[in-house]
Structures are given as C-alpha cells and as structure tokens.
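Protein chains in written order, with this note's numbering: chain A, 1 to 739; chain S, 1 to 739.
The next block holds one structure in the form of structure tokens; read it before the comments.
2 protein chains.
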Amino acid sequence: MTATSAFVTNLVISFLVFVVLFVLFLILSRRPGNFHVYYPIRALRGEGPYGRKRGMFQWAIDAFKATDEELVAVAGLDATVYIHLFTTALEIIVYSAVFCLPVLLPIAATDKNNVEQKAIQGENYTYSDFDNLGMGNIRPNSPRIWAFLIAVYWVTIVTYYCLWKSYRKVFQLRNSLSASAVARPQQYTVLVRDIPATEKHESRTEQVDAFFRRTHPAAYERCMIMHNFDKAEKLYTERETATRKLEHAEAVFELSRKAGGDGVRPMHKTGTLGLVGPKVDSIDFWTKKIQELTPLLEEERKVVAAESKEDAALVFFNDRLAAAEAAQSIHAAYALQWQVEPAAEPRECIWSNMHLPAWQRSIRQPVVYVITFLTVVFYMIPIAAISALTTLENLVKLVPFIKTITDIKVLNAILQAFLPQLALLVFLALLPKLLLALSKAEGIPSQSHIVRAAAGKYFYFMVFNVFLGVTIFGAVFSSIQGFKVLIKQGNLSVSKVVELFGAKLPPVATFYITYVALKFFIGYGLQISRIIPLIIYHIKRKFLCKTEREHLDAWAPGPFSYHTSVPADLLIMTVTLCYSVIAPIIFVFAFLYFFIGWLCNRNAALNVNVPDWESNGRMWPHIHNRFLAALLVSQITALGYFAVKKFPYTVFLIFPIIATYAFYLYCKRNFYPSFAVVSLEVASQPVKETPSTTTIVEAYTPTCLLDGDKFEDAEFQDARSNMTSRSNSGITSPAERNV
Amino acid sequence: MTATSAFVTNLVISFLVFVVLFVLFLILSRRPGNFHVYYPIRALRGEGPYGRKRGMFQWAIDAFKATDEELVAVAGLDATVYIHLFTTALEIIVYSAVFCLPVLLPIAATDKNNVEQKAIQGENYTYSDFDNLGMGNIRPNSPRIWAFLIAVYWVTIVTYYCLWKSYRKVFQLRNSLSASAVARPQQYTVLVRDIPATEKHESRTEQVDAFFRRTHPAAYERCMIMHNFDKAEKLYTERETATRKLEHAEAVFELSRKAGGDGVRPMHKTGTLGLVGPKVDSIDFWTKKIQELTPLLEEERKVVAAESKEDAALVFFNDRLAAAEAAQSIHAAYALQWQVEPAAEPRECIWSNMHLPAWQRSIRQPVVYVITFLTVVFYMIPIAAISALTTLENLVKLVPFIKTITDIKVLNAILQAFLPQLALLVFLALLPKLLLALSKAEGIPSQSHIVRAAAGKYFYFMVFNVFLGVTIFGAVFSSIQGFKVLIKQGNLSVSKVVELFGAKLPPVATFYITYVALKFFIGYGLQISRIIPLIIYHIKRKFLCKTEREHLDAWAPGPFSYHTSVPADLLIMTVTLCYSVIAPIIFVFAFLYFFIGWLCNRNAALNVNVPDWESNGRMWPHIHNRFLAALLVSQITALGYFAVKKFPYTVFLIFPIIATYAFYLYCKRNFYPSFAVVSLEVASQPVKETPSTTTIVEAYTPTCLLDGDKFEDAEFQDARSNMTSRSNSGITSPAERNV
C-alpha cells in the first residue's frame, strides 16, 4: 500500500533528524565552551561547568529523578504546572492503552470490513494497513463494538482519575506556596479599580485612605495611586539604551587601546539603522545623550508624581489574611465602583492596563472576542491575499533601499519565487504575537493572565484550522470519489453522506499520526539540542559582545513560551483522545510525543529556562478544562461514529457526556476558587516575618520611576530599601525563587 | 362582526362583576363589625375602627399619597418591591403609550390590509374591528412600517429608563435599611455549611471555634451547630395543638356555665375527624395529653442538644462589617468545604434545609429542574388523564363514607357531571403548592428564596402553557382554513406557513385583551372586596371561635402570595410588551390592569397584609430580569413579525436585542451584588447599639427548642433575653417592622 509506505518514510526521515540533533546535543552540551547555553541556571547560580567525569546521560537521570518540590524550587510553580501537563497526558495514555491496545487492536485486526468494502466499492475505497487496526475495520452493527463501547467508558474513567489527581497535586503545591511562612508582596496587596471621582476638597490619596480606613479599620496600611507614566517610561528606556551603547563604545575603545597605541575612538552614523547621516564620535554622542535625558526624566517623574493620577490604586495591608479577605469582597454598594481584586506579582503587572475603567474593559472584551473569532475563522483568507499582493515590485516601492539587492539578477529570481510563501510563513509566525497583543488589548492587568488568554485563543485557532479543518476537509476530499459514485447512482441522501464520512474518519487518523510524529521528532530535536541559540550565542560572543552585560544577554535563556507550547500540546492531546477508541494505535505515538516532551521540558526547567514572572500555577485550571473539553469532543465523536456503525446501544454513550459535565462542575467548585483567590484558611497561616510596607511599595514601583534617589512623590519617599524580586533583564537567580 | 361583540360582552360582564364587588367593598369596609377584616394592621397596632366621618374614598387617597419610605415602614421592603412592579409597569406603559397610541393607531387604522386580504381570501380570513388598530392592517413592505420600527426603539429606551430608575430606587431603599443604625441579628450572622468531619478528639463546636478563631481572630464570637430536631418539632406541634384544644374546651365549658347551672362539660370522639371512636371528656383528655407530651419534649430536647449535630452551623460575629466580609470569602482551600453565606433572617430560616451537604444540594437541584421541566411541559396531560379517571364509582370505593351523599339522586347527577372539571380545577390550584414543595426540595435554606424559585417556575409554566400555548395553538387553529386552501393549491411551503402565522398574530392579541380584562376585573374585585375572608371570618366568629387566640386567627390577614401573584403580573407584562407595537391598543387594558392592581395592592400593603418574613427586597432582581426577558421576547417577536411583513430594514431590529443584553449585564454588575451580599461600604456604617450575642443566638434558636427555661444545651444557656422578631402566629406588630 502506498499510503503506508509514505507514512513509514515520513516517520523514518523525521526520526533520523531527531537522532542527529540528539547526538549533537549529547556532544555539544559536554563542551565547556557551550556551558552557558546548556546550563544557564548553573551559570546564574555562579556554579561552574560540570567536569568530564559526569555521565553522558546524567542530565536525563537528573530530569527523571527530580521531584515536584525540587522543580518548584528551581523553576517555579508555573514551569512545574507545565510539566504536569505532560505527566497527566502520559498517565492518561498509559492507563488507557493498558486496556485499549491489547483488547481493541486484535478485535479490530481480525475483522474484515475494509476488505469487504474494497470488494464492494472497488477503487473508490482506499485504506492503509494502519486503518485495519482501527474501528473502521469493524463491520456495522457487529457485537465486537461492545468492546469499543467499554473502551470509551474506560478512557473516560481513567481521564477523570488522572485529571483529579493532577488538579489535587497542583492545588496542594499552590496552597503550600501561598501558605509559606516567607511572605511575598502580592499577598499584602490588592488592586482597586474604578474609584469614583473625588470630592472637590480632597485628593485622590485622601479619598482612598478614607474609604479603606472605614472598610478595613485595623488592617489598612496605605495606598499607591496609579499614574500614567508612559512618557517617563519612554525617556527611561531611551536613557537605558544610551547607557548600553556608551558602555559598548567604551569597551570597544578600551580593546583598541589594549591592541596598541592610543586606540581608535569608535564612530557611528546617526541616521536609520546607522547606515545614513553624519558620522559622530560614539562615546561623546552617547555621553551627551545621557546628560540630556537625565534631567528630562527627572522633570517627567515630578510631573507624574504631582499630576496624572488615575482612578485605580494598589492598596497595601499589614496582614495577609486581611488582604486575602478584602480581595474577595464587594466594597461599594454600586458594585461597578471600587472593584477590588488580588494584585498580581510585581514583575507581571501590566501598568498600562491597571487603570482602565470598567466601561472600557467591558467594551474591549467583546470587541477583542469578535476580532479573535474573525481571526480564527478567516485567518487563512487575508494571508493568501497578502501573499498574492507581496510582489517584489510593490516591495521596492515601499522600501527603496532593498533595490540594491533586487538589482542582482539571481537574488531577484529567487525572491520572486519565494516571496509569497515567505509572507505566508511570516504571517503564521506572527499569529501568536497578534494574539498576545489582542489579549493585552482586552485590558487584562497581569502578564500571566494575558498569556493564558492568548493560549486559549491560539488553541481555538489550531482546533479550528488544523483539527477541524483537516478532519472535515480531509474527509470531504478523500470522499469525493464516493460522492461521485453516489451521484451517479442518484442515491445522494444525508444518511449516505454521513456513512461515507464515517468511513473516512479512521484514515484521517493516519494523517494525525504523521503530524504528531513530525512535530515531536523535529520540534523536540530542536528544543533539546538548542542548536539555534547555540549558533547565535557563538556569533554574538565572537563579533558583537564587548561589555559584561552584552555577554549576559547573549546567553540569557528566556522563559518558556507557554502561549504557543501549551495550546500545541493540548491540540495533540485533543487529537489523541478523539481517536483513542476509533484508532487506538495513536496511543503509541502520543506516548512517544509526551514522553520525549516530558524529558526535554524537565531538562529545560532544571537547567535552561528562567521565568520572567511567577503566577503560582494559575495555568492549571486552563489546562485542566481543555483536557476535559478534549475528552468531551472524543465522547461526542464516539457517539457519532458508533451511530454511523449502526450500533443499537450507542445511547449508552450519553451518560459519559453528562458525567464529564458533572466532573467539570465538581472540579470548578472544589479546586478552582483556590486558584482565583487565596482562601482564608491558607492566608491565615503564620508568617515568619511580615515585610515592611516600604518594601512592598518599592516592589510595586515601576522601575522607570524608581532608580536613583530622585523620585519625589510623597508616596514613594519612604520606599528606599532594596527589593530583589524585580529584575529588568528577566533573569532571577534561583536562590530568590527558593522562597 | 361577531368577534367584536363577543369581546365587548365579555368586557361588560366582567366590568359589572367588578363594580358590584367594589361597591360591596365601599359599603362593607365602613361597617365597624368588619373592621378586623379590612383594617387588620390597625387592629394589630391596637387602634380602633375609623369613625363615620372618614370619607368613602379616603383609603384610596391614603394609598395614593403614601411614599416608598412610609410603605417600607408599614409593610416592609418586600411589599414595597412588589408594588414597585406595578409602578414600573405603569411607567413603561404610560411613556410607551405617549408615542404608540397617537402615532401608531391612526397609521394602522387608515391602512386597508385586512379589507384587501378579506377580498382576496374570502371566508378564510376573519378579523375584528380591534384588529384594524394593529400592525396586521398595514400592507406588506409599506413605508408606514417605519413608524412601527421607531416605536420598537421608543418602547425599548423607555423600558431601559424605567427599569434603571426602579432598580436604583429599590437598591437605595435596600442599602439604607442595611446601613440603618438599628442592627438586626442576620447582620451579625453567617451560615456555614459542609463542615468536614471532626478529628477524633474534638467536638463539633471546638472544631468550628478553632477554625473561625484562626480565620477571624478579632471578630469571631461564637457558633451554633445545626441540630436535627424533627422529632422535637413534632412533639412541640402536638403539644401546641393540645393546648389550643384545651383552651377551646375550657372556653366552651365556661360559656355553658355562664348560660346557667353547672354547665355541660364538652365531649368529643377520639377517632378520625372526631366522627368515630369512644367519646371522652375534652378538658380531661387534652390536659392529660399535655401532661404526657411535656416530659417527652423535655427528653427530646436533651437528646437534640447532646447528639444529632449536623455538619452545618450558624456563626456569630461581634461586628457587622466582619460578618459581611466573612460571608463573601472562600474560607477553606477545598472550596466545597466550609461554605459560608449570609444568614437569612431568623423568621425565614428553613431549618431542615440548612444542613444539607453540598453533594446532596448539587444532586437535588438538577433533579428538581428536570421535574419542573416535565411539569411545565406535560402538566396538562396527567391532569386530563386523572380527570377522566375520577369517576364517582372510583371515589366511593376509596372514601366509603361519601356514599351517604351519592345516595341522593340529584347530587349524584351533579357530581357525575362536574367531577372531571373539579379535578382539573383542584389540580391547577395545587400547582403553586407543588412548585413551592419542589423549590424546598432543592435544598434552599431561606423562605424568601424558595418563594422566588417557585415564582420563577410558575412564570415558566404560564409562559409555556398560557402564552406560548395560546399564541401557537391559537394561531394554528385559526389558520387551519388557510392551511387547507394552501394544500388544495399544492402551495404549502415554509415561507407560506410563516406568512399565514404572521397574519394570525394580531387576532391572538384580542384573546389576550379579553384575558387581561377578565383577570383584572374579577381578580381585583375579589381582592379588594375581601369577600371570601369576610364570610369565613363571620362564620368562624359565630360558630367556632371560643378563645382569644381563635378570634385572632379568624381575621389574621396573612402575607402576600408572591409566588403566584408575581408571575401572573409578569405574564401580563410579557403579553403587553410583546404586543406593544403589533397591537398598541393593548396599552389601554394593560394600564387599567396595573393601575387597579397598584391601588389595590397599596391598600393591601397599608391596611391588610402582614409579612411572615422580610428579605429586604431580594425579589427585585428576579422581577427586573423577567421584565427584561419580556422586552427581549417582544423584540424578537417584532423582528419576526417585521420580516413577515417583508420590511427590508428589519435588520435594524437586531441592535435593540444586543442593547438589551448589554443593559442586563450592566444592571447585573452594578446593582445585583448589593442584593446578593452586603457591600463593605454599607456594612461599615455605624450602629447605634450592637446587639448582644445572646440576643442574636436566641433569635436563631428554633421555637420548639426554646420556650420555657428548659433547654439544656450549653450553647443556649446564656440565651435568655426576649426577642421580639420571632412570632409563631406569623403576625408581627408594625412597630417592630419600623426598624
């Protein structure tokens, strides 16, 4: 069968790519020169490279052995929760396969539906060897279908059990962090939005003080009104850039002096991208720039402190129990005013969204939802249109300077040919960024929530465009022959079409097995070998990095990209559950995908990725619900497919669907509240040392308003001690995260 | 036209009935002997009947003049909220009619669609004069429809404005009561359910104490564990009955002695209904019974106090701000445990539902919903079946003693004829009681919530069986001729059927006008004349009442029956809004209905009905949402009807539908939270005098565990002061309600 051989070829090639990349990893990761790329967390801890004695597979053993608690200590709860996605998926797959593989495969393989259909329908009926291992090979209304019915119940129960166990585990980890004796600033802080207009005689601060002194007489400490500091931030960023350029220029000058003589003072052009404009002395230029920017920034800080007070505030309490309770209460009679919610961790605050009024948020949200819906459904159409329009001629008109490139004939020809495909790729790669921007536009005030919202949108996009798209279009296209036959026979009815579709579902499963195989072999090969960061690191180190800070940036590992990886993994799980009973062989490939993913991501969490922020595992309910949705889709698919097989007891498949809804409600009511807020039981655990209010206020002061001793606002004057949890480079030392 | 004359006849007859009843009221209410029936609130206040000088219509002037605040003071906020239903409906009707009547009626009356259709379709097309005043008389795709489109927008905006104004008014009344300086027990109390199992060494009380001391160290005062006191309650009720019987027997004996001589000691038979069994001396019998029951009750009280502690408790705080905050917080990490909610007023607590565990509530609710759904949809079927089965022969077999009646030939014949109809009537009258019982079975712990739930169910029943039933079946039956024509022409398509239905909608409006007219003329006539309570009162006073308590019971006015009246009024409003634009003449009848209702109910609130409990206006969001649902139904109906009229700009009717949803969300977010809980801003208002914990505990102790100084539970030992807010007779003096 050609279908089978193509499938095997695909599998072998991608497996070979994976093996090559994996071997590269094993070799390269042991070279001390690559230490910073493969073990950045050790580097941040100040520990040196491992010695030669360390076994080649020691990393895998370490990854295997690490407990949840160790993972939380090194990588934070968010990364642990992400890895739990893999653990849970693996558990579901293994427990399900224990029944499905030994029971269903022989039952399917020994039936002869495909052969018989082939005999009846002739060339219109195509199937591969793999299809003989699925439910497609069972004759309609065969008693063998009972085994598949039991399998649906088995998979359902197994999934409930594994999901429940994982939710409870994550729940316990989160609560033990929240109850930890080491207090953190966000535990004493709530975000208050939609503060009504002030009375004439009182200031915003007085107003907030009066309100919270009345509603929380014992626990209220102080407040911090939100400012609009966009301009200050812009000035600060400019000054930071200038500082880095100056450092770079000085380092270059120093090197050239060391090389001999007076050295060469570095020069650069001031125009676009340093390509045009007058040439200037870099050190002088950037020094002058900093001297110009500093007083401007000072001025702007004073303006911010004095004016531009928004109708939102952070409110600080002297007790985390009181803060937890306040964050759950309706404060004002008009509940749209004085809306209180738990404050996000300082590092993940989105300052520009924190002061959006309620009416704006309630308009932004539906608008973003509509845009997302249109994006999900019609994304392919504008891409195709734009790819068609992006000809080289149009491009030259827009960006004249690339004319130098297009004048070369060979390049011109290549570009002409690949530009549309390139545009397509660029647009698909831009999608996650677009979804992040859309989620931010909703008015969500914390980074982790934005990531969750974007992940949700990306999941819908993939379910619609990949899963449904391929399943439906795949089934339609592979059924065209069948349609033609039916039309010729004048026999085209709804039931016939449903039957035809049903017959084509298992072959589509083969496509997904290929998809899964490709995705995990290539994807995880790239991830674990870190071949691209490695190349970039070495290029940067050789040619670009001159200062200490630039070296650090060259190997900065960055955080996990949950907003793309979570939905991708969940899509695989959806496909797996959906075909679990119809084509149980998918378990083998799904197991490989999640197992290698589990190992790679544990290694990444322990040795590589460093989080920008920590939401204390708030991603789990999101993952849990999508696991359950996948199960529901699988149950509905089974219901439809069993009906297509004319099985008279298909009605029994309605109970698992009801049970899934009940299980969803149970988890939502039992576990979810502890993810949305902190329960009083947890918040009332004793604290080793209550942090001082100044510490907390400083933690919540945006960096651009803080550095130096210059910010004059009365609210910040006592905020002077050093906070370790804020970090501009996005890198925190593991020691900090050990709290 | 016969349709018109039948309609007028109907109207005139019911109007005459109303006039008769109203005149009866005017005359009878002025007789001092009826004072207790027409002015029970004055009687409870201890004030005497009005003198002869009082004008005949003074009651109406008083009802007119009373402000919301006065109503709240006399009748409580719940009654005021019920009257607000009428005020709001009247406002909507008047403002809408200001546009619809003068503009739409002439536009409709001067068109000729009905005449033309009659000419085309002949006998199959019937219409009344009233139908000429509705949109049915407009030709398809006429520019006149623009006026009706504008009317939809006008009615929509008017409804938003009136609903918003009313919600805000009720909201302010509720908050000013909650913020009142006179504190009430429920403000210091929360209900805690789903308390987990105790540790071995600790008692339930210790467990609750420990948990709340930790989570509310400053404000927690004490707790009261829920008991299962069903048996004690039964004994208590038996003893109460015996006490009353004894009082009655003693009064009878006293009277007979006064009549002369030694008097006759009253005797009675002990068997069923006092008809069979041995004859005994009543005074001796009931005295002995009380002597038997008292020690049993004492014994049972001790058992209750010592054992049968449930996993629910009332928790008391020393501060209403702390209690309000606690009632809104997630207490336990596992959120299904230690579920906290605001406690209901003591008088409306449903003790038997307060300790139901979460899993039971979550099963009871869907089960009740399914039963309700089946009841709503299929109620008519079993009724019809049972009516058919209730023949006299069957009845005689079941209840032999009615054979004495059936032996009389004339009665037999009458019963034979009317029994099925009687069964139907009895079953329809039983429905509200069934719905109350179903709502109680859901596990709702407060009386007011049960009433709201039952009102909601009854509303669905009426919308389905009266509104939809009549509209759809009415339209189908009156279209049968049209169907036959279409079938003959071989021209039966979906669009034709829709067209046919559309043509029949306005005639159905005539039916509703009759329905509204009948309902208000007869219903309000009966309500204001109080003719039935009056007759019962006089019969009881003459023949049955011997003791003081029996006299009181004979005229006890009872509370409003919100669970039947609210849905009935809302149904009328739904019909009114639904036909507001299609047949604007309905405004005239709706105005009369709500105006007379407004006057009658204000009179009832000021002079007659006495509430059993007070939920502080929690009914309003329920009413508000159903008003909005009625508006939505009217907008959707308009959309459909405009489409039937082939109006090309019908698409403009989509925006009001979206706006209605937005308005719903706005009200829900802005006002509703203050109805579900008490906001901290309100709860933090100063209190004149904080009630002592013992007062609060006693208010929450069920009567059967309280009377005398005998209840031994340590929890109740310090609860001795007298609470005025509990009242077994269901009658509270207005002075109490003045808080």
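The C-beta atom is built at its ideal place from N, Cα and C for all residues, glycine as well.
Keep in mind that this is a model prediction, so the values were computed, not measured.
8 Å Cβ cutoff met for I740 (chain S) and L85 (chain S): One cannot answer for residue 740 (chain S) here, as it falls past the ends of chain S, which runs 1 to 739.
Same chain, Cβ closer than 6 Å to T564 (chain S), five either side skipped, listed in chain order: Shown here for T564 (chain S): same chain residues with a beta carbon closer than 6 Å to its own, the five before and five after excluded, namely P432 in chain order.
Test: S684 (chain S) CB closer than 8 Å to a CB of chain A: At least one chain A Cβ lies under 8 Å of S684 (chain S).
Proximity of V581 (chain S) and M226 (chain S) at Cβ, strictly below 8 Å: Result no, Cβ atoms of V581 (chain S) and M226 (chain S) do not sit closer than 8 Å.
Proximity test, Cβ basis, 8 Å: S729 (chain A) and chain S: The predicted position of S729 (chain A) is uncertain, since its pLDDT is 34 and thus under 50; a value taken from the coordinates is nonetheless stated next. No - not a single Cβ of chain S is within 8 Å of the one on S729 (chain A).
Stretch-stretch touch, CB-based, cutoff 8 Å, three pairs: the stretch 448-468 of chain S with the stretch 609-622 of chain S: yes
Residue range of the beta strand (DSSP E) that includes P342 (chain S): 339-342
C-beta neighbour in chain S for N113 (chain A), strict 8 Å: no
Exposure of T67 (chain S), with buried meaning 16 or more beta-carbon neighbours within 10 Å: exposed
F459 (chain A) classed as buried or exposed, judged by whether at least 16 other C-beta atoms fall within 10 angstroms: Residue burial annotation: F459 (chain A) is buried, with at least 16 other C-beta atoms found within 10 angstroms of its C-beta.
Given 8 Å, three or more beta-carbon pairs between the stretch 365-380 of chain S and the stretch 205-213 of chain S: no
Distance between A63 (chain S) and S529 (chain S) (C-alpha atoms, nearest Å): 16 Å
Pairwise C-alpha distance: Y160 (chain A) and F148 (chain A): 18 Å
Among S:F285, S:Q117, S:A232, the one whose alpha carbon lies nearest that of E247 (chain S): The shortest C-alpha separation from E247 (chain S) is found at S:F285.
Within 8 Å, strictly: CB atoms of T189 (chain S) and A79 (chain S): no
C-beta neighbour in chain S for T215 (chain A), strict 8 Å: yes
F589 (chain S) versus A332 (chain A): straight-line alpha-carbon distance, rounded: 41 Å
As assigned by DSSP and simplified to three states, the class of V687 (chain S): Three-state DSSP puts V687 (chain S) in coil, outside helix and strand.
Short Cβ contact (8 Å threshold) for F591 (chain S) with L90 (chain S): yes
Interface partners of F681 (chain A) on chain S, CB under 7 Å: Before going further, note that residue 681 (chain A) is Glu rather than Phe in the sequence given. Under the 7 Å cutoff, chain S gives T215, H331, A332, A333.
Chain-ordered chain S contacts of N175 (chain A) [CB-CB under 7 Å]: A333
Where the alpha helix (DSSP H) through V158 (chain A) begins and ends: Per DSSP, V158 (chain A) belongs to the alpha helix (DSSP H) from 145-178.
Residues of its chain near D713 (chain A), where Cβ-Cβ distance is below 7 Å and the 5 sequence neighbours each way are ignored: Interpretation of D713 (chain A) is limited by its pLDDT of 41, a score under 50 that renders its predicted location unreliable; no figure is taken from the coordinates.
Between the CA atoms of F35 (chain A) and T270 (chain A) - distance to the nearest angstrom: 37 Å
Minimum C-alpha distance to A151 (chain A) - residue among A:V682, A:S684, A:F652, A:K668: Among A:V682, A:S684, A:F652, A:K668, the Cα nearest to that of A151 (chain A) belongs to A:F652.
Test: S180 (chain S) CB closer than 8 Å to a CB of chain A: Not one beta carbon of chain A lies nearer than 8 Å to the beta carbon of S180 (chain S).
Interface flag, Q207 (chain A) vs chain S, CB-CB below 8 Å: no
Residues bridged to T189 (chain S) [DSSP beta-bridge criterion]: S:F316
Length of the line joining the Cα atoms of I636 (chain S) and L665 (chain A): 32 Å
CB contact flag (V610 (chain A), I41 (chain A), <8 Å): yes
Chain S within 8 Å of V170 (chain A), Cβ atoms only: no
Enclosing alpha helix (DSSP H) for V276 (chain S) [first to last residue]: Looking at the DSSP string, V276 (chain S) is not in any alpha helix (DSSP H), and its letter there is neither H nor E.
8 Å Cβ cutoff, P767 (chain A) in contact with chain S: This structure cannot settle anything about residue 767 (chain A), because the visible part of chain A is limited to 1 through 739.
At least three beta-carbon pairs within less than 8 Å, the stretch 320-340 of chain S to the stretch 223-243 of chain S: no
Beta-ladder partner(s) of R807 (chain S), from DSSP: Limits of chain S in this structure are 1 at one end and 739 at the other, which puts residue 807 (chain S) out of reach.
Sub-8 Å separation of I145 (chain A) and K645 (chain A) beta-carbons: yes
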